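The listed protein sequences correspond, in order, to chains X and E. Remember, the numbering used here sits 8 above the position in the first sequence when you count from 1. Remember, the numbering used here sits 1232 above the position in the second sequence when you count from 1. Here the structure comes first, spelled out in C-alpha cells, and everything after it is commentary.
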Amino acid sequence: MVDLIKRAKELIESSSVKVVIGYEQGTGNKTRALFVENSEDADKLIFDSRCIQNLAAYITKKEIKEKGKMAVAATLPVMRSIIQLASEFQVTDANILVLGITPESKLIEFGNLAEVEKFVHQYEIEIDVRNKEMLDKLEKMTQPERWQFWIDELAPCFKCYACRAACPMCYCSRCTVDFNQPQWIPVPSTELGNLEWHIMRAIHLTGRCIDCDACYNACPLSIPINLLTKRMLLDAKEHFGGYQPALKGEHLMSTYKPDDKENFIQ
Amino acid sequence: MAEFEPKIVAFVCNWCTYAGADLTGTSRIKYASNVRIIRFPCTGRIDYMLLLKAFDEGADGIIVSGCHPNDCHYTSGNFHARRRWIMFRSLCNFTGIDTNRIKFSWVSAAEGAKWADIVNATVKSIRELGPYTEYKKVAKYPEKEVNHG
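See below:
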C-alpha cells in the first residue's frame, strides 16, 4: 500500500491529523494495529488480506481521542462501523478522516462522513455462505439440540472479553457484565453465565452490529459467537426490513412502528 | 407423587395488566395460584435480563403482559417493548431457550377474565411441559426447592 504510506506521511507532516491508525506486521503471520504519530513510522504500514481487525474499535478510546484528529485506514466493515459510531455521536467530521480501502484494495480519501456513508450504502451487508449454512443447520435442529449446541460451544468460554474489546460498538465505559449491583451475570465462567453473557452481547448489538466478525476473529477459542449477531441481523431484515448504518434517522431498536408485526402476543 | 405445580413469574405493567389482575380478584374469578406477579411501571421497563434471571431463579414459565398497542400510559412503551420482544424471542429460540415457556400477552385493565384465562392456559401448558430441568441443570438450582410451587 504505497499510496497509503505516502498519504499518511503527508497527513502527519502537514499536521492535518495527529495520528494515523492502520495495520503493521505483527508476531507470527498476524497483523496488528499501528498508530502512526511520526512520518518514519508510516513506513511500517501494510495492507493485505490478513488485515481483518476492525480498527474502528480504537476511535472511541480516550487515549486516541486525546491525541487530536485521527485518520483511519478503513476497509468496508470499518467504514460501516465509523458511520454507526457517528450516528451514535461517538465521532464527528471534526475528529476523523477516513482513508477508505475499497473491496478492490484501492485507496480513496473521503472529505467527510457523508461521503463515507454514500460509499458504504453501495454495498449491502451480506452474510457469507459458510455462516449462512451454519445458521440454516442450527435452524433445522430441535430446540433441545440447539440448547445443547450452545451450552457445549460456550462452555469453554473463560470470559476474556476479547470479543467485547474487539468490537467497535462495545464502547460503554461500564458494561452490564461488569455490574455487581445487581450482579446480572456471574463473574466466574459458568455454563449459564456464559450463555447469559453472549445473549446480552447479541441483544446490545442488535440493530448496531455491522457484521465485521471482529468478535469471532478475536476469540482465542474461535467460538462462533458471531452467529448470534448474524441471526439478529437476519431477524432485523425479516421483521423490520433490515438496516444500514446511517448518519441520520432512527436506530432500529430505539424506534418502533405502530404496525410492527408479530404472531406470538396473545 | 403430587401433580407438578409449575412456578410462573408474571412481569406486568402497572397500568393495564396489573389493574386487570386486580379486576380478576375483585370480580371473584378463580384462577391458578401458581403465578407470582411482579409489577413494573411499563412493559418498556421489562428488561430481557429479568426474564433470564427468572428462569435462573427457578421459574418454569414466564408471562409478560402489558397494555394493548395504542393504550400505553406513556404512549409508546409497549411499542418499544414489542420490538424488543420480537428480537429477544427470536434470539431465545436460536439459543435453544424454550420459547413455549414465555407467554406474551396484552391484557387491559378491563380484561379480568382474560387474565384468568391467560394464567390458567399458561399453567396448563407448563404443567404439560414439566419442570424446566434443562435450564435448572445449568443454573444448578436445587431441584427440591423448585417443585413445591
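Idealized CB from N, CA, C, for every residue including glycine. Everything numeric in this text was worked out from a predicted model, so none of it was measured.
{"Query": "Spatial neighbours of K1376/E in its chain, beta-carbon cut-off 7 Å, leaving aside the 5 residues before and after", "Result": "Interpretation of K1376/E is limited by its pLDDT of 47, a score under 50 that renders its predicted location unreliable; the figure taken from the coordinates is listed afterwards. The answer is none, since no qualifying residue turns up."}
{"Query": "8 Å Cβ cutoff, G1328/E in contact with chain X", "Result": "yes"}
{"Query": "Where E1360/E falls: helix, strand or coil (DSSP)", "Result": "helix"}
{"Query": "Whole alpha helix (DSSP H) elements within the region 1277 to 1304 of chain E, 4-residue minimum", "Result": "1280 to 1288"}
{"Query": "Chain-ordered residues of the region 154 to 184 of chain X with a beta carbon less than 8 Å from chain E", "Result": "R154, W155, Q156, F157, W158, I159, T184"}
{"Query": "Straight-line gap, Y1280/E to L115/X (C-alpha atoms, nearest Å)", "Result": "43 Å"}
{"Query": "Paired residues, beta bridge with G108/X - DSSP", "Result": "A82/X, I116/X"}
{"Query": "Member of A1342/E, I1334/E, T1327/E whose CA lies at the smallest distance from the CA of E153/X", "Result": "T1327/E"}
{"Query": "Simplified DSSP state of W1347/E, which is helix, strand or coil", "Result": "helix"}
{"Query": "Where the beta strand (DSSP E) through C1245/E begins and ends", "Result": "1240 to 1245"}
{"Query": "8 Å contact criterion, which S89/X and P176/X should meet: CB distance rounded", "Result": "4 Å"}
{"Query": "Own chain residues within Cβ distance below 8 Å of H1380/E, not counting five before or after", "Result": "With a pLDDT of 48 at H1380/E, under the threshold of 50, the modelled position of that residue is not reliable, and no figure is offered here."}
{"Query": "Selected residue, minimal CA-CA separation from A1291/E, among K1262/E, A1345/E, C1299/E, N1266/E", "Result": "N1266/E"}
{"Query": "Interface flag, V1351/E vs chain X, CB-CB below 8 Å", "Result": "no"}
{"Query": "DSSP beta-bridge partners of T39/X", "Result": "Q33/X"}
{"Query": "Candidates P196/X, K256/X, F127/X: closest to Y169/X by CA position", "Result": "P196/X"}
{"Query": "C-beta contact flag for R239/X and L107/X at 8 Å", "Result": "no"}
{"Query": "Residues within the region 1308 to 1320 of chain E neighbouring chain X, beta-carbon criterion of under 8 Å", "Result": "S1308, F1311, H1312, R1314, R1315, R1316, W1317, I1318, M1319, F1320"}
{"Query": "Against chain E: residues of the region 250 to 261 of chain X by CB proximity under 7 Å", "Result": "M261"}
{"Query": "Neighbour flag for Y264/X against chain E, beta carbons, 8 Å", "Result": "yes"}
{"Query": "Residue-chain proximity (L1255/E, chain X), Cβ-Cβ < 8 Å", "Result": "no"}
{"Query": "Residues near P111/X by beta carbon distance below 7 Å, same chain, minus five either side", "Result": "L84"}
{"Query": "Which of helix, strand or coil DSSP assigns to I1270/E", "Result": "strand"}
{"Query": "Under 9 Å from the C-beta of L1336/E: neighbouring residues of chain X", "Result": "Contrary to the premise, residue 1336/E reads as Phe rather than Leu in this sequence. Going along chain X in sequence order, the residues near F1336/E (Cβ under 9 Å) are E270, F272, I273, Q274."}
{"Query": "Closer than 8 Å to chain E by CB, P152/X", "Result": "yes"}
{"Query": "Environment of T1241/E [buried if 16+ CB atoms lie within 10 Å]", "Result": "Sequence check: residue 1241/E is Val here, not Thr. When all chains shown are included, V1241/E counts as buried."}
{"Query": "Below-8 Å beta-carbon distance, L12/X vs any chain E residue", "Result": "no"}
{"Query": "Residues bridged to W1338/E (per DSSP)", "Result": "G1298/E"}
{"Query": "Status (buried if at least 16 other CB within 10 Å, exposed otherwise) for N202/X", "Result": "buried"}
{"Query": "Contact list for the region 1245 to 1277 of chain E against chain B, Cβ threshold 8 Å", "Result": "Judged by its chain identifiers, the structure shown contains no chain B, and its protein chains are X and E."}
{"Query": "Secondary structure, alpha helix (DSSP H): runs of 4+ residues fully inside the region 203 to 259 of chain X", "Result": "222 to 226, 234 to 248"}
{"Query": "Candidates P1273/E, R1315/E, E1235/E, C1299/E, of which the one nearest E246/X by Cα", "Result": "R1315/E"}
{"Query": "T1331/E versus S24/X: straight-line alpha-carbon distance, rounded", "Result": "55 Å"}
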